[in-house]
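The next block holds one structure in the form of structure tokens; read it before the comments.
Chains as they are written, first to last, in the UniProt record's numbering: chain A, 1 to 756; chain B, 1 to 289.
Structure below.
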């Protein structure tokens, strides 16, 4: 693709070596969280609410406790009473009281599947049998599932202590509108009134699940001395520790969380569901306790991405210059205040220069599982609406949809929604790459159409700790606190090998537990290759400095008379000039020449940049059945510099596949009595391999000047544009504009055959 | 909760005796429905009777130009029988739309039939083909048309102690062709929203001399739409005949509204898929385009 701005010659960065965790994963040896067993372990199970909204009057656990083999029973009363405290761990903020009540309900259940009690027994069968013996007396309450219904006068209120945040003055009545976020400026109505062309539309999306293959599972062991161990897979074991310790009101250092391999998270494993419950059961029973969800429990009780209702108005001058944007959306929060509205507001229209804007987002509580982060949380929903509207506007103006985007695309120095100037971003570069790509001008067959959409995600930096140490033979271990979801072990090894200029295979990267490395934020926000990578580079540089210093000491020359060349120290001084000393030689003598060689970098990475993507989608629509086939798909993305291009392409392909699933078939279906009717992969239809063409990932490299190797986050951007890219392609193929997701065959058919 | 007893008898008589002794007992062929239902708690059999190892239960037997398919024969094995795949491609394709490759390496057509789902993929194709099955029971064996096995969702006409041991397909008639098409949101790993099986015979000048049209997922059981077949017989499958056939199919469709499809969409698709299946079957029967 386009040439990097700094033509650095890399030895390892940009190569595609085999990932160090690959063999164990493809041969089934890798230890995922449902695989883990501890000696003497009990099997836990959770009783869940059959009602979408009810008051818990009483829970009688006596019969369950009396069952032979049952060692502990727990309810919400076994968790400590906490003061409200908003914690910024995981991805976004959570009130620890909500986290606790979501793990085990206290006075009310807020959705079907809400945990109300738990047991630990000597076998899974006994645990399940014990659940059936727990008697819960409920007072059923009216429930509400839709965002507009939840805001209507007289709607059942989920929490009587929630007063809409972000509204001044504070409202005097509790509301299901948990939070309101507004940004913008200028004269939107005036600009729309004088615009040459305007479009208006209302769009809707259902909640969708992250769809990770590995269900949530953990083993907890809480010892008599108050110290505990937890083995679990998550996107951040330090977040698991912080949240679990806070829910249980205990010191964080008393919990050691060991990360197990993770079978997918996509944002959904940035919080906790099971760990405090397993801890309480372990304390009560005196034994390690395993809790593992079934797929059905994952669907009923863990966070979906919010559904939404979105209103968009756009206005442009005759030459295509955007003059006004008015976007207002309601996002499903589910049972507790979620975090998507803020990101939705900031990523709605930031990819275009528009003088007059108003963007409003509202988080709406309703009787569904609490919404949780899902890949670019909050962005794909509003992007679907805005990029569909852009397509419609291009049609009205008679301007090519790619040219309309190019004309208005933000460049470095343009103001962001916050008013701060954009840094070295690559939206224009992506649009130019799309225009030049053969896909954009390829011929189409009958019933086929082509759509395009652009979008971005802000990405993040944040805290990471890395320890780089040198073994006596000169091989190198990189220990991080970042769970490896997308190939980060390989990326860290590449970056350390690049700094040290040694073979990739001489560097091994591991994910260390909470007692073995310093605090690191979750693997989320597309931050790990950027932030943990920055710490890896910093620690490796320090190791290189130490190795040089040691060599100088051994040679008896001044520290500035040695130089690191090709993975060894070269002497520049006197008669030893030209002599070399390998890392193995230095490390082999390290016990007697200054001690072991290691360096820790603990930093909070700054200077992250957003990633922009442009997706081109060809669909073929069956006019008689409404079936949509994705015929060709190209995803173009500014990735900064790709450290390991295979894993960057994998992220882009995976994000596009998830976005296509969201567009076409994924949706939660509820029965009239407020219960989830498709809690499984059969009727919750994620795409299977045969539903998708090969997704071509095109890497555009606009390096991030703030990162030693130019890294920008890549994992979340690719789920942002697909929803509108598919909708725009369907419009191009069949002439119908679908504003409600999913665009399943029956919906497309209904649009094509309005007569019924 | 005691685990069910697990039996591996070596004769049909022993299977019948075990099934007759316990009304909650279930025969195990591929197990791709049974085990899922047991794990979900929907079915709690007192015993499971695995009949796979009984001689003749797995494999396709040729009797002249007719075919006898053992009840434990996995769907993928049907594809490997070249004569069967050439004679009844619609049946073989239908059986190989069920689930995924991994599922079909275990799943059987007999199981698909006896699970009695209205959406079973292989059943409309078998019914269109005029297949029968051999049922073994306490009073010996009887031969039953395939469409008489399911009586309601999840319910069969099998009496206590009875199980299906074979599925029989007749010889392909001269000028015959069959096809099965289904509508699902996904390409694989899905359940038919509507399925349509067609078997027809064309004479030398392209006139249809017999036709059977069977539908899945538009009623409590698979539906053999005799009027749809009649609309084709005596015609050269011209547009009017196809339209009349589609109308008969829609009139015979009595689907439910559920998470997998609405009444109106299912009825519309039944007409479209039946017409498309007729055209595929006609091509296979040798019709000129």
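Using N, Cα and C, we set each Cβ at its ideal position, and we do this for glycine too. Values in this document were obtained by computation on a predicted structure and should not be read as measured data.
Which complete beta strand (DSSP E) runs does the region 145-217 of chain A hold, if anything under 3 residues is left out? 177-185, 197-205
Enumerate in chain order the residues of its own chain whose CB-to-CB distance from residue 1(A) is below 7 angstroms, with the five nearest sequence positions on each side excluded. Low per-residue confidence applies at residue 1(A): pLDDT is 41, beneath 50, and the placement is therefore not dependable, though the value from the model is reported in the following sentence. Within the same chain, residue 1(A) has close Cβ partners 433, 698, 699, 700, 701.
Cα-Cα, which of 81(A), 517(A), 259(A), 544(A) is closest to residue 247(A)? 81(A)
Should residue 694(A) be labelled buried (16 or more other beta-carbon atoms within 10 Å of its own) or exposed? exposed
Interface residues of chain A around residue 153(B) at Cβ under 9 angstroms? Ordered by position in chain A, no residue passes the 9 angstroms Cβ test against residue 153(B), which lies about 16 angstroms from the chain.
Per-residue burial, residue 373(A) [other beta carbons within 10 Å of its own, 16 or more giving buried]: buried
Examine chain A for any beta-carbon lying closer than 9 angstroms to the beta-carbon of residue 107(B), and answer yes or no. no
Strictly below 9 angstroms CB to CB, what residues from chain A border residue 191(B)? 682, 683
Which of the three DSSP states, helix, strand or coil, is assigned to residue 790(A)? A question about residue 790(A) goes unanswered here, because the residues of chain A that appear run from 1 up to 756.
Give the straight-line distance between the Cα atoms of residue 13(B) and residue 630(A), rounded to the nearest whole angstrom. 52 angstroms
How about residue 280(B) and residue 179(B): do their beta carbons lie closer than 9 angstroms? yes
Can you tell me where the alpha helix (DSSP H) with residue 431(A) in it begins and where it stops? 427-436
Supposed contact pair residue 490(A) and residue 323(A) - C-beta distance, whole angstroms, cut 8 angstroms: In fact, because the Cβ distance is near 47 angstroms, the residues do not count as touching under 8 angstroms.
Hey, how far is the Cα of residue 348(A) from the Cα of residue 546(A)? 48 angstroms
Three Cβ pairs or more, each shorter than 8 angstroms: is that satisfied between the region 91-106 of chain B and the region 143-157 of chain B? no
Nearest residue (CA-CA) to residue 214(B), options 206(B), 226(B), 208(B), 207(B): 226(B)
Would you be able to state if there are at least three C-beta pairs under 8 angstroms between the region 65-76 of chain A and the region 239-259 of chain A? no
Report yes if the CB atom of residue 525(A) is closer than 9 angstroms to the CB atom of residue 460(A), and no otherwise. yes
What are the start and end residues of the alpha helix (DSSP H) that includes residue 669(A)? Careful: residue 669(A) lies outside any alpha helix (DSSP H) and carries neither H nor E.
Thinking just about the alpha-carbon of each residue, which of 270(A), 133(A), 715(A) is nearest to the one in residue 657(A)? 715(A)
Short CB-CB distance (under 9 angstroms) between residue 42(B) and chain A: no
Compute the distance between the beta-carbons of residue 397(A) and residue 452(A), then report whether it is under 9 angstroms. no
Using DSSP with H/G/I as helix, E/B as strand and the rest coil, what is residue 154(B)? coil
Does chain A have any CB closer than 9 angstroms to the CB of residue 83(B)? no
Three-state secondary structure (DSSP) at residue 3(A)? Interpretation of residue 3(A) is limited by its pLDDT of 44, a score under 50 that renders its predicted location unreliable; the figure taken from the coordinates is listed afterwards. Of the three classes helix, strand and coil, the one that applies to residue 3(A) here is coil, per DSSP.
On the DSSP bridge assignment, give the partners of residue 232(A) in chain order. 218(A), 259(A)
Simplified DSSP assignment, three categories, for residue 484(A): coil
Throw me the rounded Cβ distance for the residue 759(A) and residue 600(A) pair, which I believe falls under 8 angstroms. The requested residue 759(A) does not occur in the structure, where chain A is confined to residues 1 to 756.
Please report how far the alpha carbon of residue 730(A) lies from the alpha carbon of residue 206(A), in whole angstroms. 19 angstroms
At what residues does the alpha helix (DSSP H) containing residue 652(A) begin and finish? 645-664
Segment limits, alpha helix (DSSP H) that includes residue 448(A): From DSSP, residue 448(A) is part of no alpha helix (DSSP H) but of the beta strand (DSSP E) over 448-457.
From this set, 272(A), 309(A), 286(A), which residue's C-alpha is nearest residue 292(A)'s C-alpha? 272(A)
Chain A contact residues for residue 272(B), given Cβ-Cβ distances below 8 angstroms: 624, 625
Enumerate in chain order the residues of its own chain whose CB-to-CB distance from residue 603(A) is below 6 angstroms, with the five nearest sequence positions on each side excluded. 535
What are the boundary residues of the alpha helix (DSSP H) that includes residue 145(B)? No alpha helix (DSSP H) contains residue 145(B), which is instead part of the beta strand (DSSP E) from 140-145.
Just to make sure I have the definition right: I need the residues of chain B whose C-beta is within less than 8 angstroms of the C-beta of residue 24(A). Which are they? By Cβ distance, chain B contributes nothing, its closest Cβ being about 23 angstroms from residue 24(A), past 8 angstroms.
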